[in-house]
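Everything in the sequence shown is counted per the working numbering, starting at 76 for the first residue and increasing by one. Ideal Cβ placement from N, Cα and C applies to all residues, glycine included. Report on the following structure.
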Amino acid sequence: MGLNKTLNMKKLFFLLCFIGFSGGLWAQQLFIEVYSGIHRTAFDTKIYPEQDWYAPIGLRLAGGAEHIQIGGEYRRDLSAAAFEFNNGSREEISSSYYGGFLRANLGRYPAFGFGVIIKAGVGMYDYQHDFYAQSGSASPDRTLNYDPEFGFNGGIGVSIPIPNALHLEVGYQFNYVQRPEFEPGIPGFKSNFHAIQAGLSWNFVFGDAARRNKHLKENWKWRQGWRG
76 MGLNKTLNMK KLFFLLCFIG FSGGLWAQQL FIEVYSGIHR TAFDTKIYPE QDWYAPIGLR
136 LAGGAEHIQI GGEYRRDLSA AAFEFNNGSR EEISSSYYGG FLRANLGRYP AFGFGVIIKA
196 GVGMYDYQHD FYAQSGSASP DRTLNYDPEF GFNGGIGVSI PIPNALHLEV GYQFNYVQRP
256 EFEPGIPGFK SNFHAIQAGL SWNFVFGDAA RRNKHLKENW KWRQGWRG
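Laid out in C-alpha cells, this is it:
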C-alpha cells in the first residue's frame with residue numbers, strides 16, 4: 076500500500092508539472108521555484124498543548140500569463156515536529172504535500188520587477204507519526220503512516236528581482252488540513268500549520284510577453300532588480 080501510494084503521489088506531481096510546463100509554452104511565462112523555510116504547527120487539539128518548529132524543502136512549477144500562472148507543487152519535511160510528554164515519551168509528526176496552485180503577481184512587470192504575490196492551492200497532505208517510548212530514543216517504537224488527506228493553503232508574499240531572470244521569493248502561507256482518527260485512542264484533529272518560506276525562482280517569458288519586455292531585460296537598471 077505504501078509503495079502504491081508513493082507511486083500515485085509521483086504520478087500526480089509529474090502530471091501537474093506537465094500541465095504547468097505546457098501552460099508556459101502555450102502562454103507567455105514559465106515559473107520555477109525551489110524553496111525552504113520554517114513551519115510552525117497550529118494543531119487544534121489538547122493532545123499537543125505546545126507547538127513546534129520544523130523545516131521543509133519544496134519545488135513549484137507553473138505556466139500561464141504574465142500576471143497569473145497555474146501549476147504543481149511538491150514539498151516534504153526535512154525535519155519533524157517533535158512533542159515531548161511528562162511520562163518521558165516523545166512523538167514526531169512529519170508530512171509531505173503534492174498539489175496544484177494558482178499564483179498571481181500584482182507587479183507591473185512580473186518577470187523582471189518587484190511584485191506582491193498571492194497564492195492559493197489545494198492538494199494532498201501525507202502524514203507519518205512516530206512514537207518513542209523514551210524521549211532520547213533514536214528509533215521509533217511505532218510508526219503510523221496516514222493515507223493522504225485533502226487540504227487547502229493560501230498565502231501572500233513578495234517577489235524581489237535579482238540579475239539574470241532570478242527572483243527572491245519570500246512569503247507567508249497558512250495550511251488547513253483535517254487529519255482523521257487513525258484508530259481508537261489516536262483521534263483526528265485539525266493539523267494546520269503556518270509557513271514562512273523563502274526561495275529562488277526562475278522566470279522565463281515567451282512570445283508577445285518577451286517582445287514587450289525585451290527593453291527591460293536588456294536594461295541594466297532592471298537587471299539590478301528593485302524597480303517594479
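C-alpha gap between residue i and residue j, whole angstroms
| i | j | result |
| --- | --- | --- |
| Phe158 | Ala240 | 42 Å |
| Gly138 | Gly260 | 45 Å |
| Phe187 | Arg135 | 19 Å |
| Asp152 | Ile143 | 28 Å |
| His204 | Ile168 | 5 Å |
| Thr120 | Trp128 | 17 Å |
| Val19 | Phe176 | This structure leaves residue 19 out entirely; the chain is present only between 76 and 303. |
| Gly99 | Leu105 | With a pLDDT of only 47 at Gly99, under 50, the local geometry of the prediction cannot be trusted, and the value read off the model is given with reservation. Looking at the two C-alpha atoms, the distance is approximately 5 Å. |
| Ser171 | Ser234 | 25 Å |
| Ile231 | Tyr247 | 6 Å |
| Ala270 | Arg183 | 27 Å |
According to DSSP, residues forming a beta bridge with residue i
| i | result |
| --- | --- |
| Asp205 | Glu167 and Thr218 |
| Arg150 | Gly133 and Tyr172 |
| Thr225 | The sequence shown places Phe at residue 225, rather than the Thr named in the question. Looking at the DSSP assignment, Phe225 forms a beta bridge with Met199. |
Bounding residues of the beta strand (DSSP E) (the contiguous stretch that carries residue i)
| i | result |
| --- | --- |
| Lys265 | Phe264 to Val280 |
| Ala117 | Gln104 to Asp119 |
| Gln126 | Looking at the DSSP string, Gln126 is not in any beta strand (DSSP E), and its letter there is neither H nor E. |
| Leu181 | Premise fails: Leu181 is in no beta strand (DSSP E) and is neither H nor E. |
- Decide if the segment 151-171 is in contact with the segment 208-228; the criterion is three or more beta carbon pairs, one per stretch, under 8 Å apart. Yes: at least three Cβ pairs fall under 8 Å.
- Message: With three or more C-beta pairs closer than 8 Å as the rule, is the segment 189-198 touching the segment 213-221?
- Response: Per the Cβ contact rule, the segment 213-221 is not in contact with the segment 189-198 (fewer than 3 Cβ pairs under 8 Å).
- Message: Any contact between the segment 251-269 and the segment 106-124? By contact I mean 3 or more CB pairs, one from each, below 8 Å.
- Response: Because the criterion of three Cβ pairs below 8 Å is met, the segment 251-269 and the segment 106-124 touch.
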